[in-house]
Amino acid sequence: MTSARTAQMTYVDPPPARLRVVPVPRYEPEALESGSGVREPLVSPPRQPVAPPRPEAVNIEIRQFATGAVKLVLEVMDRRRPIGQLGRVALPHISDQFRVLLAAGSATRSPASSTLLRLHSQSSRPDAAEVTVVYRRGDRVHAMGARVEKRLITMPAAVPAAPRRKQWRWMLVAVTVE
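The letter at position 33 of the sequence shown is residue 33 when you use the numbering used here, and the numbering goes up by one with no holes.
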């Protein structure tokens with residue numbers, strides 16, 4: 001290199017009288033043996049795997065009731081069952097809701113029947129759950145939402161003179177159909 005290419009460095013500020021060198025922090029531990037050049041990387045200990053929810057942790061009773069009740073609702077919507085049969089799984093206002101819904105529709109049965117594709121239940125309390133449903137009617141896919149609760153229901157007597165008894169049962173308390 002020629003001296004023409006090397007230029008004299010000029011400082012704007014005078015160089016400090018003393019330089020302080022701060023060591024870089026170590027991010028890896030020292031090797032176990034001093035002679036080995038291989039170091040273990042510093043990593044956190046492996047996490048314990050989280051077990052998936054056990055099938056018994058899911059409330060099977062809610063799921064079974066919801067599946068049966070939704071199938072019954074779909075059959076009523078298809079006019080394969082009478083509306084009166086909703087009374088055993090739904091509160092009275094649900095039957096009224098479907099009575100109005102079916103009266104507003106055509107008087108004939110729809111050509112395609114509904115098929116339940118997917119049902120998901122999520123417990124909001126021990127005695128209540130939200131249910132989401134995906135079902136197919138013909139070529140179209142529809143959705144339905146429902147709420148089920150455990151209610152104290154007065155059961156009809158087995159014989160007319162016998163007293164009526166009360167029983168806790170799962171019931172549909174709300175249904176939204178798309």
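Here a beta-carbon is modelled for each residue, glycine too, at the ideal position from N, C-alpha and C.
Taking residue i as part of the beta strand (DSSP E), name the residues at either end of that continuous run.
i      : result
GLU149 : 140-155
LEU19  : Neither: LEU19 is in no beta strand (DSSP E) and is coded neither H nor E.
ALA161 : Careful: ALA161 lies outside any beta strand (DSSP E) and carries neither H nor E.
GLU178 : Careful: GLU178 lies outside any beta strand (DSSP E) and carries neither H nor E.
TYR135 : 128-137
When you compare only the Cα positions, how much space is there between residue i and residue j?
i      : j      : result
GLN85  : ALA51  : 41 Å
ALA66  : ALA146 : 9 Å
PRO25  : GLN48  : 30 Å
ARG99  : LEU172 : 16 Å
TYR27  : SER44  : 12 Å
ARG186 : VAL177 : Examination of residue 186 is not possible in this model, given that the chain is present from 1 through 178 alone.
LYS71  : LEU101 : 17 Å
VAL141 : ALA90  : 24 Å
ARG137 : TRP170 : 27 Å
Buried or exposed: residue i, going by 16 or more other Cβ atoms within 10 Å of its Cβ?
i      : result
SER123 : exposed
_Whole runs of the alpha helix (DSSP H) within the region 68-121, excluding any shorter than 4 residues_ = 92-104
*Would you check if the region 111-130 and the region 147-163 touch, i.e. whether three or more CB-CB distances between them fall below 8 Å?*
yes
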